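Let me begin by presenting the structure, written as C-alpha cells, before commenting on it.
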Amino acid sequence: MSNLAMKLEQQRQEQIQHMPKQEPIIIKRRASITPGEKFLILVFVSLFVIGAIAIVTNSYSVYQSNIEIQEIEAQIEKQTKLNSDLHVQVEELSTYDRIWEKAKELGLTLDQNNVKSVQN
Numbered sequence: 027m028s029n030l031a032m033k034l035e036q037q038r039q040e041q042i043q044h045m046p047k048q049e050p051i052i053i054k055r056r057a058s059i060t061p062g063e064k065f066l067i068l069v070f071v072s073l074f075v076i077g078a079i080a081i082v083t084n085s086y087s088v089y090q091s092n093i094e095i096q097e098i099e100a101q102i103e104k105q106t107k108l109n110s111d112l113h114v115q116v117e118e119l120s121t122y123d124r125i126w127e128k129a130k131e132l133g134l135t136l137d138q139n140n141v142k143s144v145q146n
C-alpha cells in the first residue's frame with residue numbers, strides 16, 4: 027500500500043473514532059402508581075361512595091317523612107271537618123223549639139210555678 031492510501035485509511039479510522047457515538051435513545055416511561063398513591067385513591071373513592079350513599083339515604087328518609095306528614099295532615103283535615111259537622115249538628119239539635127217538642131212528645135209539661143231561674 028502506498029503512503030497516500032495509508033493516510034486515507036488512517037483519516038477514515040480517525041473520523042470513525044472521532045465521530046460522536048450515538049447515545050442510545052432513552053425512552054422515559056411514566057412511573058407506575060406507588061402504593062401510597064393507590065391507598066389515597068382508594069380512600070378518596072371510598073369516601074365518595076360513602077358520601078353518595080349517605081345523601082341518598084337521607085333523601086329517602088326525608089321523602090318518607092314528607093309522605094307521613096301529608097297523610098297525617100289529610101287525617102287532621104278529615105277529623106276537623108267531621109268535628110265541625112258534628113258541632114253544627116249539635117247546634118241544630120239543641121235549639122229551644124226542638125227541645126220543647128221532644129219534651130211534649132214524652133209527655134212533659136211546663137209548670138210556671140216550678141221554674142227556677144239560674145243566675146250567672
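All letters in the sequence shown, in the order written, are residues 27 to 146 by my numbering. Every residue, glycine too, gets a C-beta built ideally from N, C-alpha and C. These numbers were taken from a predicted model, which means no experiment stands behind them.
Worksheet entry | For E103, the three-state DSSP class (helix, strand or coil) | The three-state secondary structure of E103, taken from DSSP, is helix.
Worksheet item: Got a sec, what are the start and stop residues for the alpha helix (DSSP H) R124 sits in?
Response: Segment Y122 to E131, the alpha helix (DSSP H) holding R124.
Item to complete: Could you say which of R124, N139 and Q138 lies nearest to L132 if we only look at CA atoms?
Response: Here the closest residue by C-alpha is R124.
Item to complete: Note down, in chain order, each residue of its chain lying with its Cβ closer than 7 Å to the Cβ of G62, except the 5 sequence neighbours on either side.
Response: Cβ neighbours of G62 within its own chain (closer than 7 Å, five residues either side excluded): none.
Discussion item. Determine whether the beta carbon atoms of I76 and I67 lie at a separation below 9 Å.
Written reply: In this structure, I67 does not lie closer than 9 Å to I76 by Cβ.
Discussion item. Which same chain residues end up closer than 6 Å to N109 when comparing Cβ atoms and leaving out the 5 residues on each side of it in sequence?
Written reply: Here the set comprises nothing.
Item to complete: Just the C-alpha distance for H113 and K104, rounded to the nearest angstrom, thanks.
Response: In this structure, the straight-line span from the alpha carbon of H113 to that of K104 is close to 14 Å.
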